[in-house]
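Trainee: Can you read through this structure? Questions will come right after.
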Amino acid sequence: RHRRPATASPGAPRAPPPSGPCAAAESPRGRPPAARRPPPCRRSTRAPRGIRKRLSPPHRDCRVRRHTISVFVGDESGMINRIAGVFARRGYNIESLAVGLNKDKALFTIVVSGTDRVLKQVIEQLNKLVNVLNVEDLSKEPQVERELMLIKLNVEPDQRADVMFVANVFRAKVVDISENSLTLEVTGDPGKIVAAQRNLRKFGIEEICRTGKIALRREKIGAAARFWGFSAASYPDLVEASRKNPLTSVNKTVNGSFDQSSSAGGDVYPVEPYESLSMNQVLDAHWGVLDDEDSNGLRSHTLSILVNDCPGVLNIITGVFARRGYSIQSLAVGPAEKEGISRITTVVPGTDESIEKLVQQLYKLIDVHKVDDLTDLPFAERELMVIKVSGNTAARREILDIGNIFRAECVDLSDHTVTLQLTGDLDKMVALQRLLEPYGICEVARTGRAALIRESRVDSKYLRGYSLPL
């Protein structure tokens, strides 16, 4: 309760009214004034500051986008596990991964979804790894993107005409045929692959094996050559320049654009230069895949693994191979026939006993559903290669003629390059690459091996040694 102030005498002077900040806080009776609402015309319609931040459109760097990353590395044991670990530690789920291995180098094509800011940090971390020569984000540039899919359908004889009609629309090829199944090969961009899968789903899909997407940068018409050491067959005016200083031309061709001085700062470990000057090509066609057993029983095994589609699975799978010293020669990761399941197709060298123990270790993992060793079974195998060859208008006709012999398709053309697409087995790709080496190979992107069991139980490699009747 507030006491009433004492009344002053009539003749006493009155005290001045209170002023300052305390005057507004007290009423004539000593009570705080009632809160006044602003008039309706002055009422604010703006949201609070915290809500305005949440309702504002996201920054361009904060939007989740699909990125295509190309990583060129020096091949060694455990390289795939280290690269997959960089993405797994940041919670990224690798949607597709294609690894094309050569004699001592490898080209990774990785598709992940994330923000531009975080992907930039991932690229910086990849550049710090040992034996990583170059890392590029091809998402914002025009690119040639291709993917391979083998799809096995449960088709009765009376439905084959309908299936072949849909297959001709997507330019699919028949790989294997039996009484109640049909295996098709589809090649194209990811949108074409998804559309073909949706249209063939009504016939009954039994198995799907998809390789990861591979991508090469499209060359601009009229642009100058960037970094490749072109051969004299494509550019006759370079003959005299190469004769004057042959060592310079060889070093330029071997190292290409991957100069150690152009790498990012930080803890970067340079790769030792090549000691042999006779190897004058950027990529070698030999993969090192062993078709037959050697004296020690070592040969290449093709494994098909069904796993859950969740972040970190690829890092766990490749970690099993890396801890046991296995060098993965081929790796293809893509969605399987069921939603939420991915199929990993890999080629690993080893003996039968060691591969059997490796399969048992893979079955102990939680995310692994099934592991099949297709080595001793008749299976259909396909690989995809996109190769960029240097060639001006004089040598362009010869390059296209060589490609037509192998049924290769021209997917990109510029003033100084020709890009070809080829599907087939390993021997076919090696033969084409060796014929195109004199013209100068700029870039090569390869998928891993895609393999499915042949329901016809016919192995074509055993038929090559027999003469068929006419």
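According to my numbering, the sequence shown holds residues -15 to 454 in order. Glycine is no exception: its CB is placed at the ideal position from the N, C-alpha and C atoms. Quick caveat: nothing in here was measured; it's all calculated off a predicted structure.
Going along the chain, which unbroken runs of the alpha helix (DSSP H) with 4 or more residues stay wholly within the stretch 315 to 388?
Mentor: Fully enclosed alpha helix (DSSP H) runs of 4 or longer: 336 to 347.
Trainee: Express the C-alpha separation of Ser374 and Val291 in angstroms, rounding to a whole number.
Mentor: Residue mapping note: residue 291 aligns to position 307 of the sequence shown, counting from 1. Residue mapping note: residue 374 aligns to position 390 of the sequence shown, counting from 1. If I take the Cα positions, the gap works out to 40 Å.
Trainee: Mind the definition here: the stretch 311 to 326 touches the stretch 378 to 392 only if three or more C-beta pairs lie below 8 Å; say whether that holds.
Mentor: No contact exists between the stretch 311 to 326 and the stretch 378 to 392.
Trainee: Does Lys197 pass the burial test, meaning 16 or more other C-beta atoms within 10 Å, or should it be called exposed?
Mentor: Counting from one through the sequence shown, the residue named residue 197 turns up at place 213. It is buried - the Cβ of Lys197 has at least 16 other Cβ atoms within 10 Å.
Trainee: Rank Glu365, Asp173, Arg202 and Leu349 by C-alpha distance to the C-alpha of Leu410 and give the top, closest one.
Mentor: Position 426 of the sequence shown, counted from the start, is the residue given in the question as residue 410. Closest by alpha carbon: Glu365.
Trainee: Decide yes or no for the touch test of the stretch 97 to 115 against the stretch 340 to 352: beta carbon pairs closer than 8 Å, at least 3 of them.
Mentor: Segments in contact, no.
Trainee: Among Leu419, Lys176, Phe92 and Arg194, which has the Cα closest to the Cα of Asn462?
Mentor: Here the chain has residues from -15 to 454 only, and residue 462 is not among them.
Trainee: Does the distance from the CB of Ile135 to the CB of Leu184 come in under 9 Å?
Mentor: Residue 135 sits at position 151 when you count from the first residue of the sequence shown. Residue 184 sits at position 200 when you count from the first residue of the sequence shown. Yes, Cβ-Cβ distance for Ile135 and Leu184 is below 9 Å.
Trainee: Since Ser80 sits in a beta bridge, which residues does DSSP pair it with?
Mentor: Counting from one through the sequence shown, the residue named residue 80 turns up at place 96. In the DSSP output, where bridge partners are listed per residue, Ser80 has Val95.
Trainee: Which whole-angstrom value is the C-beta distance of Ile289 and Val352, which I expect to be below 8 Å?
Mentor: Numbered from 1 along the sequence shown, position 305 holds the residue referred to as residue 289. Numbered from 1 along the sequence shown, position 368 holds the residue referred to as residue 352. The Cβ separation is near 6 Å, so the contact holds.
Trainee: In three-state DSSP terms, what is Lys186?
Mentor: Stepping through the sequence shown from its first residue, residue 186 is reached at position 202. Helix, per DSSP.
Trainee: The alpha helix (DSSP H) spanning Gln105 covers which residue range?
Mentor: If you number the sequence shown from 1, residue 105 lands on position 121. Where Gln105 is concerned, the enclosing alpha helix (DSSP H) stretches over Asp100 to Asn111.
Trainee: Could you give the residue range of the alpha helix (DSSP H) that holds Lys412?
Mentor: As a working note, residue 412 is residue 428 in the sequence shown. First-last of the alpha helix (DSSP H) with Lys412: Leu410 to Leu420.
Trainee: Measure the alpha-carbon distance for Gly188 versus Leu358 and round it to whole angstroms.
Mentor: Within the sequence shown, numbered from 1, the residue matching residue 188 stands at position 204. Within the sequence shown, numbered from 1, the residue matching residue 358 stands at position 374. Taking the straight line from one Cα to the other gives about 23 Å.
Trainee: I'd like the list of long-range same chain contacts for Arg380, defined as Cβ closer than 7 Å, with 5 residues on each side in sequence excluded.
Mentor: By one-based count along the sequence shown, residue 380 stands at place 396. If we look at Arg380 and ignore the five residues flanking it on each side, its Cβ neighbours are Val402.
Trainee: What span of residues does the beta strand (DSSP E) with Val119 cover, start to end?
Mentor: If you number the sequence shown from 1, residue 119 lands on position 135. It spans Val116 to Asp121 - the beta strand (DSSP E) in which Val119 sits, taken as one unbroken run.
Trainee: Measure the C-alpha to C-alpha separation of Ala72 and Val106 and round it to an integer number of angstroms.
Mentor: Within the sequence shown, the letter at position 88 stands for residue 72. Within the sequence shown, the letter at position 122 stands for residue 106. Roughly 11 Å between the two C-alpha positions.
Trainee: For Val297, count the other beta carbons within 10 Å of its own beta carbon; 16 or more makes it buried, fewer makes it exposed. Which is it?
Mentor: On the sequence shown, residue 297 is found 313 positions in, with the first residue counted as 1. Looking at its Cβ environment, which holds 16 or more other Cβ atoms inside 10 Å, Val297 is buried.
Trainee: Report, in whole angstroms, the separation of the C-beta atoms of Val159 and Val147, which I expect to be a contact under 8 Å.
Mentor: For the purposes of this step, residue 159 is taken as residue 175 along the sequence shown, with counting starting at 1. For the purposes of this step, residue 147 is taken as residue 163 along the sequence shown, with counting starting at 1. Rounded, the Cβ-Cβ distance is 13 Å, inconsistent with contact.
Trainee: Go to Gly58, then tell me how far its beta strand (DSSP E) extends in each direction, as first and last residue.
Mentor: For this step, residue 58 is matched to residue 74 along the sequence shown. Element bounds for Gly58: Arg49 to Gly58.
Trainee: Hey, would you say Arg202 sits closer than 9 Å to Pro126, going by beta carbons?
Mentor: Counted from its first residue, the sequence shown places residue 202 at position 218. Counted from its first residue, the sequence shown places residue 126 at position 142. Yes.
Trainee: What would DSSP say about Lys124, mapped onto helix, strand or coil?
Mentor: For the purposes of this step, residue 124 is identified with residue 140 of the sequence shown, where counting begins at 1. Coil at Lys124, not helix or strand.
Trainee: Leaving out five residues before and five after Glu427 in sequence, what residues of the same chain have Cβ atoms less than 6 Å from its Cβ?
Mentor: On the sequence shown, position 443 is the one that residue 427 refers to. Counting only Cβ-Cβ distances below 6 Å, and skipping sequence neighbours, we find Leu200 and Lys372.
Trainee: Would the beta-carbon of Ala68 fall within 9 Å of that of Asn299?
Mentor: As a position in the sequence shown, residue 68 is number 84, starting the count at 1. As a position in the sequence shown, residue 299 is number 315, starting the count at 1. Closer than 9 Å, so yes.
Trainee: Pick helix, strand or coil for Leu282, following the three-state DSSP scheme.
Mentor: Here residue 282 corresponds to residue number 298 of the sequence shown, with the count starting at 1. Correct three-state label for Leu282: coil.
Trainee: For a quick check, are the C-beta atoms of Leu416 and Glu131 less than 9 Å apart?
Mentor: Residue 416 sits at position 432 when you count from the first residue of the sequence shown. Residue 131 sits at position 147 when you count from the first residue of the sequence shown. No. Outside cutoff.
Trainee: Let me confirm a value: Arg441 is counted as buried when at least 16 other C-beta atoms fall within 10 Å, else exposed. Which label applies?
Mentor: Translated into the one-based positions of the sequence shown, residue 441 becomes position 457. It is exposed - the Cβ of Arg441 has fewer than 16 other Cβ atoms within 10 Å.
Trainee: Nearest-angstrom Cα distance between Thr424 and Pro174?
Mentor: Here residue 424 refers to the residue found at position 440 of the sequence shown. Here residue 174 refers to the residue found at position 190 of the sequence shown. This sequence places Gly at residue 424; Thr is not what is there. The alpha-carbon atoms of Gly424 and Pro174 are separated by roughly 29 Å.
Trainee: Is Leu436 buried or exposed, if buried means 16 or more other CB atoms sit within 10 Å of its CB?
Mentor: Here residue 436 refers to the residue found at position 452 when the sequence shown is read from its first residue. Looking at its Cβ environment, which holds 16 or more other Cβ atoms inside 10 Å, Leu436 is buried.
Trainee: Secondary structure at Lys176, three-state DSSP: helix, strand or coil?
Mentor: Against the sequence shown, residue 176 aligns to sequence position 192. If DSSP states are grouped into helix, strand and coil, Lys176 belongs with the helices.
Trainee: Please report the straight-line C-alpha distance between Leu166 and Ser326, rounded to a whole angstrom.
Mentor: Along the sequence shown, one-based indexing puts residue 166 at 182. Along the sequence shown, one-based indexing puts residue 326 at 342. Near 21 Å, if we compare the C-alpha coordinates of Ser326 and Leu166.
Trainee: So for Asp443, helix, strand or coil by DSSP?
Mentor: Taking the first residue of the sequence shown as 1, we reach residue 443 at position 459. The answer is coil: DSSP assigns Asp443 none of H, G, I, E or B.
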